[in-house]
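**Q**
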Amino acid sequence: MNWKFISGLILIIILIIYIIFYPLQFEFYENLKAKKISDFIVLPIFFLLIIYDLFRNIKKGEKDWKKYSLDLTKGLGIFAVLYFLILRSFFSSGIIFINTIFGEKEMVKVSGIITDKTDLKGSGKFVGKYELIIEQNGNEFVFDSNHKSIENYKVNDHFEMEMKKGILNLIYK
Numbered sequence: 788m789n790w791k792f793i794s795g796l797i798l799i800i801i802l803i804i805y806i807i808f809y810p811l812q813f814e815f816y817e818n819l820k821a822k823k824i825s826d827f828i829v830l831p832i833f834f835l836l837i838i839y840d841l842f843r844n845i846k847k848g849e850k851d852w853k854k855y856s857l858d859l860t861k862g863l864g865i866f867a868v869l870y871f872l873i874l875r876s877f878f879s880s881g882i883i884f885i886n887t888i889f890g891e892k893e894m895v896k897v898s899g900i901i902t903d904k905t906d907l908k909g910s911g912k913f914v915g916k917y918e919l920i921i922e923q924n925g926n927e928f929v930f931d932s933n934h935k936s937i938e939n940y941k942v943n944d945h946f947e948m949e950m951k952k953g954i955l956n957l958i959y960k
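When you read off a place in the sequence shown, starting at 1, and then add 787, the result is the number in the working numbering.
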């Protein structure tokens, strides 16, 4: 057995798990904005790879386009399922990690009215979803949270909190 490979794989798995669960240490964080940033980065790269693959097959003189189009459709479907179920969460957690670790932290006062609250308790495989949507002077902030942090807030309540803004302009506390 190659112990260097196995130990490296274990370290990578531990790092991936740490990054995925990193945002759970915050009371409030902008996960939706992080997902949009990850979509903005990953999806264009993926479509450029598809265009490159098409160009390569045209240049190579691919004869069986029916089989190729079926394989391309399967690949797109598998990527979509993997990306939107697993990879998107991983990339958004990585973006939150980068946002909080690097650069200076600017203090921001978030003060507004709670326009919506999502409090879905988890059971079984579903972890739960806890979200506050706050409107401040026409700006809307969507903060993911945990059950303990949002249980005292209600829709149309006033929300005021001193929070930090990281290098990627994501707000968290």
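We treat Cβ as the ideally placed atom computed from N, Cα and C, and that holds for glycine. Remember, it's a predicted structure, so these values are computed and weren't measured experimentally.
Leaving out five residues before and five after Lys822 in sequence, what residues of the same chain have Cβ atoms less than 7 Å from its Cβ?
**A** By one-based count along the sequence shown, residue 822 stands at place 35. The answer, listed in chain order, is Arg875 and Ser879.
**Q** In the structure shown, what three-state DSSP assignment does Tyr917 receive?
**A** For this step, residue 917 is matched to residue 130 along the sequence shown. Strand.
**Q** Rounded to a whole number of angstroms, what is the C-alpha to C-alpha distance between Asn844 and Phe834?
**A** What you label residue 844 is simply residue 57 of the sequence shown in a count that begins at 1. What you label residue 834 is simply residue 47 of the sequence shown in a count that begins at 1. Cα to Cα, Asn844 sits roughly 15 Å from Phe834.
**Q** Kindly list the residues whose CB is nearer than 7 Å to the CB of Ser794, restricted to its own chain and excluding five residues on each side of it in sequence; keep chain order.
**A** Here residue 794 refers to the residue found at position 7 of the sequence shown. Taken in chain order, the list of residues that qualify is empty.
**Q** Cα-Cα, which of Ser825, Ser856 and Ile882 is closest to Ile838?
**A** For the purposes of this step, residue 838 is taken as residue 51 along the sequence shown, with counting starting at 1. Nearest of Ser825, Ser856 and Ile882 to Ile838, Cα basis: Ser856.
**Q** Apply the 10 Å Cβ neighbour rule to Tyr959 and answer buried if 16 or more other Cβ atoms are within range, or exposed otherwise.
**A** Taking the sequence shown and counting its residues from 1, the one referred to as residue 959 is at position 172. Classification for Tyr959: buried.
**Q** Tell me Glu947's beta-bridge partners as DSSP assigns them.
**A** Position 160 of the sequence shown, counted from the start, is the residue given in the question as residue 947. Looking at the DSSP assignment, Glu947 forms a beta bridge with Ser898.
**Q** Please classify Ile828 as buried or exposed, where buried requires at least 16 neighbouring CB atoms within 10 angstroms.
**A** Position 41 of the sequence shown, counted from the first residue, corresponds to residue 828. With fewer than 16 Cβ atoms within 10 Å of its Cβ, Ile828 is classed as exposed.
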